[in-house]
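Novice: To start, I am sharing the structure in question, which I have written as structure tokens.
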Amino acid sequence: MATTQSPSPPNSNDDKPQADSEVVHEANQVQQDVGAEAAKHSVPASVFVNSEPMREDQVSNAVKFLSHPKVRGSPVIYRRSFLERKGLTKEEIDEAFRRVPDPTPSSQPASLNQDGQEKSSSNVQTQAPIQTPQPVAVAPAGIASSVTVARRQFHWNHAVSAVGLLAASGCGTALLIKKVIIPKLKLWVRKVVLEEENDYAKKIDAKPSLVEEAAAAAKAAAAAASDVAKASQEMLNSKNEERRRFEEFMNLMDVQMQEMKSMSNSIRKLEGQANSSGRAFSDHDDHRVSSSSTKQSYANGKVDVNVQPGRSSTPPASAEPPHPKSYMEIMEMIQRGEKPSNIREVNDMPPNPNQQLSNPRIAPRTKPWEAQNGSRHQVLQSQTSAEGLNQNGRDNGLNYLLDDESSTPWWQRKNVRITEIENEDEVKATGPFGVRTNEQPPPLVQRTWVPPQPPPVAMLEAGEAIWRPKSAPKETATQEQSADDQSAAHPSEVTDELQRITKMSESAGAVEMNGGFSTGSSAVKQEQENSYGEN
Amino acid sequence: MPVFKTPFNGYSVRFSPFYESRLAVATAQNFGILGNGRVHVIDLAPTGPVINELIAFDTADGVYDVAWSESHDSVLVAAIADGSIKVYDTALPPQSNPVRSLKEHAREVHGLDYNPTRRDSFLSASWDDSVKLWTLDRPVSLRTFREHAYCVYSVAWNPKHADVFASASGDCTVRIWDVREPGSTMVIPGHEHEILSCDWNKYDECLIATASVDKSIKIWDVRNYRVPVSVLNGHGYAVKKVKFSPHRRNLLVSCSYDMTVCLWDFMVEDALVGRHDHHTEFAVGVDLSVLVDGLMASTGWDELVYVWQQGMDPRAS
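Those protein sequence lines, which keep their order, are chains A and B. Taking UniProt numbering, I'd label the letters of the first sequence as residues 1 to 535. Taking UniProt numbering, I'd label the letters of the second sequence as residues 1 to 317.
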């Protein structure tokens, strides 16, 4: 099991990210610690581990993704799953999570919300003579705080309260303005009128001046009115702007919400069976049921598969495979709440939960790939009692074989190789099963349950030549892997005759073998030496 | 070629690692939506194209998968849709069965795999997003692996490294785990859609095949998992199960919702080397015999189990 292809030794998968990442948080991460420890304990040459260094661009993209407010509101498992599907490794994802400033989403927005509410309420309730700019200033502050509240945490509650705040503050300011400006206007108009009268009384003859004054007053009034109009217009505009901004923001949030929804929907698109959340009539997890909203997404005109309280086993991808008609009928039945009539009450609980399993009658057989690779996990390993080694059970299919020695069972007859599919017709013509004589002996297939004899020495030597170069590193690897396990004892203590004979026949080889084995547990070596002693 | 008719819709078929002529079939009523289930243990008659049922076990809920024990020749485990795992022993009288009911998963158990190297433990993949490790002698699971964000459909032990396994999930990733590690050691974002099945190459322990709802099968080398070694296209709908041949290095078989069973050689340019469309409904289960080179079986929602030799037509009689 060579790892020559990996660019860097896998043990450094924890070192490299530390070297590469700009932020040095590593020691704090529990997961990395565990990973480091595990890496030290595990085989240094394990290929089943990521050995890539962390990619900074991926991590920064992930940080941006995680900082998004919409993402903040989603459960952590979905954020991780999304990043994993984008191809980030575990280390990169952990690093991104570490980098994102993560205020606890629950407490802060609540307090901010409270502040905003207090501000706006004080805004509305104050009856003291408040100057015009102040409510205007407070209202935007209230709006701003409500807006930041909405940014922090994305709940409809906050959105609604923000809109309410906006409206309330707008009304409040309008009211106040009316209250303030109208008296001012009145006062002012009265003043002007009084002045007018005085002037009129004084300067009856000074008509042109009166007229001028009146004109001037009118102009001033008009100017004042226009100022007031402008001010109120500005107020309105700013309010509208706020409102617009807010609406835009809401739209953005909606869009992102849609995107997140579609992402989650595409995750569970049409696998169907998970959408359906288990048994027919029980309640479900929210995230499963939500996918039932993808009702309309199937081009096929058949009944929607997704909307089911029962279980659907069909995962169409882009196009839905045509379901059997009765499948549709059953789905409809379940949707209507009916139970199919053919279901019986079955008690499938074990009558005796402590029932002992019967003793195995046959020893486990070598796997074909193990035989070829000469793995140590070979046959003759009977972990349980070996009493039934050659004993044929009453109920197995071997009776057939023993009775019928002359003809091989039909399933053992191989006629064509993979590449000769075209000859199928010829093959069919030759007999009921289309049997042709077997061209190559099936590897290690036996028809009786005699344990395989150790091969002759000559074959062993040849096998050794092929087997040993591969097996030495492999065996050290497997040795080390199983070093911690108790089962390491098993293959070695039941070291099969093959290996014993091998060692006996090749003393030079034996040294190497021992050398190979000794890198593993010393117990193995001792047992082998014991077996030598036996021999 | 013999055919076996099951009363319920087929879900999975597995050859016994001890008896060349024996298979187990997992079936569920009403397509597995709602209803009972049944586990069949069937034998191939050597003389003629006949399949005989040895024994059948009824279950309260559908059976999604079945796996033979590698240590006891008569023991098999079944994945039940109510979240439990039933252990059966065919050597005991029928009324003693099931021998165990292991109930820990919160949702349907969809996949099972027995450890072929260590032979003492097995894994269960469930729609509750977790994978559990069990042994036959303990009533509780040894480990729970919970990292997937969605249903885990399939789990497969590495044929060479007794502690390594892979899990395929609806969150579109395949995770490689080592039972000695607390979490997954590798995450392969293999497809853009759900991954329904995964299997290791028996002759190259670094190669893994994944079958997805996107109708493709991808072969990955875990040493360089960013780019697949090979992409096998050809199925018309989602690929439900993929299995590497125990006898040939480059051969794999797959079954799909397009009702076909396909054979592939992923090392050649034109990878599709065989195609059988014998099923009339979704083909959901396929297996290759470890003991007999070329012997394969498939089952589908059409309630039929076919067993045939590679190169032959499963419907030939």
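Note that the Cβ used here is the ideal one computed from N, Cα and C, for glycine as well.
Any beta carbon of chain A sitting closer than 8 Å to that of Ser130 (chain B)?
Specialist: no
Novice: Between which two residues does the beta strand (DSSP E) holding Leu83 (chain A) run?
Specialist: The continuous stretches of beta strand (DSSP E) do not include Leu83 (chain A), which lies in the alpha helix (DSSP H) extending over residues 76-85.
Novice: Hey, out of A:Glu92, A:His68, A:Ser74, A:Val63, whose CA is closest to Val100 (chain A)'s CA?
Specialist: A:Val63
Novice: Under the three-state reduction of DSSP, which class applies to Pro228 (chain B): helix, strand or coil?
Specialist: coil
Novice: What are the residues of the segment 16-48 of chain B that lie near chain A, defined by any Cβ-Cβ distance shorter than 8 Å?
Specialist: Correct list: Pro17, Phe18, Tyr19, Glu20, Ser21, Arg22, Gln29, Asn30, Phe31, Gly32, Ile33, Leu34, Gly35, Asn36, Asp43, Leu44, Ala45, Pro46, Thr47, Gly48.
Novice: On the DSSP bridge list, what partners appear for Ala78 (chain B)?
Specialist: Beta-bridge pairing by DSSP links Ala78 (chain B) to B:Val66, B:Lys86.
Novice: If you measure beta-carbon to beta-carbon, which residues of the segment 96-111 of chain B are closer than 8 Å to chain A?
Specialist: Ser96, Asn97, Pro98, Val99, Arg100, Ser101, Arg107, Glu108
Novice: Nearest-angstrom Cα distance between Asp395 (chain A) and Thr90 (chain B)?
Specialist: Per-residue confidence for Asp395 (chain A) stands at a pLDDT of 41, beneath the threshold of 50, marking its modelled position as unreliable; the derived number appears in the next sentence. If you take the alpha carbons of Asp395 (chain A) and Thr90 (chain B), they lie about 9 Å apart.
Novice: How should Ser175 (chain A) be labelled, buried or exposed, when 16 other C-beta atoms within 10 angstroms of its C-beta is the threshold for buried?
Specialist: Before going on, a small fix: residue 175 (chain A) reads as Leu here, not Ser. Flag for Leu175 (chain A) reads exposed.
Novice: Looking only at its own chain, which residues have a Cβ that is under 6 Å from the Cβ of Ser184 (chain B), when we skip the five neighbours before and after it?
Specialist: Glu147, Arg175, Trp177
Novice: Name the chain B residues whose beta carbon is nearer than 8 Å to that of Gln256 (chain A)?
Specialist: By Cβ distance, chain B contributes nothing, its closest Cβ being about 20 Å from Gln256 (chain A), past 8 Å.
Novice: Please name the residue in B:Ser254, B:Leu123, B:Thr135 whose C-alpha comes closest to that of Arg100 (chain B).
Specialist: B:Thr135
Novice: Would you tell me roughly how many angstroms separate the C-alpha atoms of Gly234 (chain B) and Val47 (chain A), rounded to the nearest one?
Specialist: 30 Å
Novice: Taking C-alpha atoms, which residue in B:Val231, B:Asn201, B:Val222 lies nearest to Asp272 (chain B)?
Specialist: Reading the sequence as shown, one finds Leu at residue 272 (chain B) and not Asp. For Leu272 (chain B), the nearest C-alpha among the options comes from B:Val231.
Novice: What residues of chain A sit near Lys86 (chain B), judged by a beta carbon separation below 7 Å?
Specialist: Ordered by position in chain A, the residues that pass the 7 Å Cβ test against Lys86 (chain B) are Asp348.
Novice: Nearest-angstrom Cα distance between Ala45 (chain B) and Asn52 (chain B)?
Specialist: 7 Å
Novice: What number of angstroms, rounded off, separates the C-alpha of Tyr19 (chain B) from the C-alpha of Lys261 (chain A)?
Specialist: Tyr19 (chain B) and Lys261 (chain A) have their C-alpha atoms roughly 50 Å apart.
Novice: Suppose you measure from the CA of Asn306 (chain A) to the CA of Glu338 (chain A); what does that come to, to the nearest Å?
Specialist: Here Asn306 (chain A) scores only 38 on pLDDT, less than 50, and its place in the model is too uncertain to base an answer on.
Novice: Can you tell me whether DSSP reads Met263 (chain A) as helix, strand or coil?
Specialist: helix
Novice: Would you check if there are 3 or more beta carbon pairs closer than 8 Å linking the segment 103-112 of chain B to the segment 74-91 of chain B?
Specialist: yes
Novice: Could you tell me whether the Cβ of Met186 (chain B) comes closer than 8 Å to any Cβ of chain A?
Specialist: Under the Cβ distance rule, Met186 (chain B) counts among the residues neighbouring chain A, one pair being separated by less than 8 Å.
Novice: Tell me the rounded alpha-carbon separation between Arg223 (chain B) and Ser254 (chain B).
Specialist: 24 Å
Novice: At the level of alpha carbons, what is the spacing between Phe8 (chain B) and Val66 (chain B)?
Specialist: 15 Å
Novice: Could you name the residues of chain B that Lys90 (chain A) contacts, counting a contact when the two beta carbons are closer than 8 Å?
Specialist: Contact note: Lys90 (chain A) reaches chain B through Gly183, Ser184, Val187, using a C-beta cutoff of 8 Å and chain order.
Novice: Determine the chain B residues that contact Pro351 (chain A) at a beta-carbon separation under 7 Å, and present them in chain order.
Specialist: Gln95, Ser96
Novice: Does the beta-carbon distance from Gly35 (chain B) to Asn342 (chain A) come in below 8 Å?
Specialist: yes
Novice: For my contact list, Tyr225 (chain B) and Ile188 (chain B) are in at a C-beta cut-off of 8 Å; report their separation, rounded to the angstrom.
Specialist: 5 Å
Novice: Keeping to the same chain, check which residues put their C-beta closer than 6 Å to that of Ser106 (chain A); ignore five residues upstream and five downstream.
Specialist: Below a pLDDT of 50, predicted positions are generally treated as unreliable, and Ser106 (chain A), at 45, falls in that range; the measurement from the model is reported next regardless. Excluding sequence neighbours, Ser106 (chain A) sits near nothing in its chain.
Novice: With a threshold of 16 other CB atoms inside 10 Å of the CB of Leu295 (chain B), please say whether the residue is buried or exposed.
Specialist: buried
Novice: Using a Cβ-Cβ cut-off of less than 8 Å, give me the residues of the segment 58-82 of chain A that come near chain E, in sequence order.
Specialist: Considering every chain present, this structure includes no chain E. Its protein chains are A and B.
Novice: Going straight from the alpha carbon of Ala483 (chain A) to that of Thr144 (chain B), what length do you get?
Specialist: Because Ala483 (chain A) carries a pLDDT of 41, less than 50, the predicted location of this residue cannot be relied on, and the following value inherits that uncertainty. Going from the Cα of Ala483 (chain A) to the Cα of Thr144 (chain B) covers about 23 Å.
Novice: Select from the UniProt repeat "WD" (232-265) of chain B all residues with a C-beta closer than 8 Å to any C-beta belonging to chain A, and list them in chain order.
Specialist: Flagged, chain order: Gly236, Tyr237, Ala238, Pro246, His247, Arg248, Leu251, Tyr257, Asp258, Leu263, Asp265.
Novice: Under 8 Å, Cβ to Cβ, is there at least one residue of chain B near Leu357 (chain A)?
Specialist: yes
Novice: Taking the alpha-carbon of Val41 (chain B) as reference, which of B:Thr59, B:Tyr64, B:Val13, B:Gly62 has the nearest alpha-carbon?
Specialist: The candidate whose alpha carbon is nearest that of Val41 (chain B) is B:Val13.
Novice: Can you tell which of A:Phe82, A:Ser67, A:Ala96 has the C-alpha that lies nearest to the C-alpha of Met54 (chain A)?
Specialist: A:Ala96
Novice: Using only CA atoms, which one of A:Ala223, A:Ser226, A:Met331 lies nearest to His30 (chain B)?
Specialist: According to the sequence provided, residue 30 (chain B) is Asn. The question's His does not apply to it. Checked all of A:Ala223, A:Ser226, A:Met331; the closest Cα to Asn30 (chain B) is A:Met331.
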